[in-house]
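J.: Numbering (this note's numbering), first residue to last: 1001 to 1248.
The C-beta atom is built at its ideal place from N, Cα and C for all residues, glycine as well.
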Amino acid sequence: ILWVQGIARLGLQGFLEQYQNAKKGDREKRQVDPILKRRVWEIREREMDCCGQKIQYFLKKEYQSHISVPKIYEILKEKYTVRSKWKKNQERGPIPEAGTAREVVQMDTIDFGDLFAFTGIDIFTREADVLIAPQLTADFGYKFLLQSMKRRFDSHVHLIQTDGGPEFKDEFKRNVGNYCDRHRVARPYRKNEQSFIESFNRSFRKECLGWTKYRYYQLPYCSMMAEQFLSRYHYHRPHMGIGMKPPL
């Protein structure tokens, strides 16, 4: 046993002094491989400023490397401002729940100046759809309903939830019952009620069209960008809410 050998060699007092001195001073921090750091930064930029959990996912998938999430954030802070120390979490209240696919679909819109994005998400599977439209009207709301139900949400769901905007009235409201058992209008000023679609909208802005105001003639470009985003979103980008996997 090493401590017995140490006492025999140094004597009890000498051994204790050596033991105490060994614990003095700061431990030298373990150095992270510079190549691993570069990979963390490259993934951060490639994946549109994604979080530490997603960086961990891509490191394991692409390089078979494992590093803890706190260590990833340490590496990120060497190069980026990750989060303002003044920004605090907000209380959102209870969020909607779904136990199966096609149980709840939330829909909303995003203002891009002369263009608008109609968005929808299945809150259980995280599958989503987007339609870029030149007007914020119920006719385009109905067009988005047809598109999303046909190509994304299997033609029928239990509940479709929207806000009370005019784009979800008139033609949309007259037809929504053909595609769901119930249409629910979220209560105003209750952010938690539309939390899933609002989170998706933030991702769509951040990773696709940004906060720019677009003109009518840019509709084809924005539609192309939206389709590219949806492909990446469904087949490449991991989601923390579904076990760090893409939806499809």
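1. Any idea which residues DSSP pairs Leu1131 with across the strands?
2. Can you tell me the Cβ-Cβ gap for Arg1102 and Asp1129, rounded? I've got them flagged as a contact below 8 Å.
3. Can you have a look at Arg1174 and say buried or exposed, based on whether 16 or more other CB atoms are within 10 angstroms of its CB?
4. For Arg1092, count neighbouring C-beta atoms within 10 Å of its own C-beta (all shown protein chains included) and say buried if the count is 16 or more, exposed if not.
5. Is the beta carbon of Thr1119 closer than 7 Å to that of Asn1201?
6. Per DSSP, what kind of secondary structure is Leu1016 in: helix, strand or coil?
7. Which value, in whole angstroms, describes the spacing of the CA atoms of Lys1245 and Ile1132?
8. Which first and last residues belong to the alpha helix (DSSP H) in which Ile1035 is found?
9. If you follow the alpha helix (DSSP H) that Gln1056 is part of, which residue opens it and which one closes it?
10. Select from Asp1170, Phe1140, Tyr1233, Val1185 the residue whose C-alpha is nearest the C-alpha of Leu1159.
11. Give me the DSSP bridge partner(s) of Ile1110.
12. Looking at Gly1141 and Phe1116, is the spacing between their C-beta atoms short of 7 Å?
13. Under DSSP, the alpha helix (DSSP H) around Arg1174 begins and ends at which residues?
14. Since Leu1136 sits in a beta bridge, which residues does DSSP pair it with?
15. Can you tell me whether Thr1109 is buried or exposed, with buried defined as 16 or more other CB within 10 angstroms of its CB?
T.: According to the structure data:
1. Phe1118
2. Not confirmed; about 13 Å, so no contact.
3. exposed
4. Confidence is the limiting factor: at Arg1092 the pLDDT is only 45, short of 50, which leaves the residue's position unreliable, though a coordinate-based value still follows. Classification for Arg1092: exposed.
5. yes
6. helix
7. 26 Å
8. 1034-1046
9. 1052-1063
10. Val1185
11. Ala1117
12. no
13. 1171-1175
14. Paired residue(s): none; Leu1136 is not in a bridge.
15. buried
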